[in-house]
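This report refers to the structure that appears directly beneath it.
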Amino acid sequence: MSRPDTTGRVLQYLPELKGEEQLHVARLMKPMDDEEARQFAAVYRERRKDPVMVLLLVAVGLTIVGSGFQRFYLEQIGMGVLYLFTGGLCMVGTIVDAINYKGLTHRYNRRQADEVASLVRSTPTADELW
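Encoded structure:
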């Protein structure tokens, strides 16, 4: 069975991706066969975070004195606690997060994609187990 081009595979398995995230995932999926690509898409879709949700959490933080919810959501527990106790670093950090919400989310999603890709590549197939 012929393998579609990598961008086509990303559109097939993860049509919600855009821009740099789509290109990064396409590079990761290039060496994968169809089954690995399917596994990657299923796991990555569960782990990735939506930039709009991060922006909404930043907005909540702006109304609740820099609560840091966006940092907890992006699994940056230490920064979340710091924002919680310092009022979002006196709201300056929360305002910076409002400007950088796409970058914060992109970095998180990139780490997750790299982790999932290495996990999928290291998972033995049924044939390899026997």
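Under the numbering used here, think of the first position of the sequence shown as 12, with each following residue one higher.
Note that CB positions come from ideal geometry on N, CA and C, so glycine has one too.
Starting from the C-beta of Tyr94, find all residues in its chain whose C-beta is less than 8 Å away, skip the five residues before and the five after it, and write them out in chain order. Position 83 of the sequence shown, counted from the first residue, corresponds to residue 94. Here the set comprises Gly72, Gly77, Ser78, Gly79, Arg82, Leu100, Gly104, Thr105.
Quick one: using the 10 Å Cβ neighbour count with 16 as the cut-off for buried, is Thr74 buried or exposed? What you label residue 74 is simply residue 63 of the sequence shown in a count that begins at 1. So Thr74 counts as exposed.
Quick one: grab the DSSP three-state call for Pro42. The residue labelled residue 42 in the question sits at position 31 within the sequence shown. Reduced to three states, the DSSP call for Pro42 is coil.
Whole angstroms is fine: what's the gap from Ala70's alpha carbon to Gly98's? As a position in the sequence shown, residue 70 is number 59, starting the count at 1. As a position in the sequence shown, residue 98 is number 87, starting the count at 1. Rounded to the nearest angstrom, the two C-alpha atoms are 14 Å apart.
Reducing DSSP to helix, strand and coil, say where Gln23 ends up. Position 12 of the sequence shown holds residue 23. The answer is helix: DSSP assigns Gln23 an H, G or I state.
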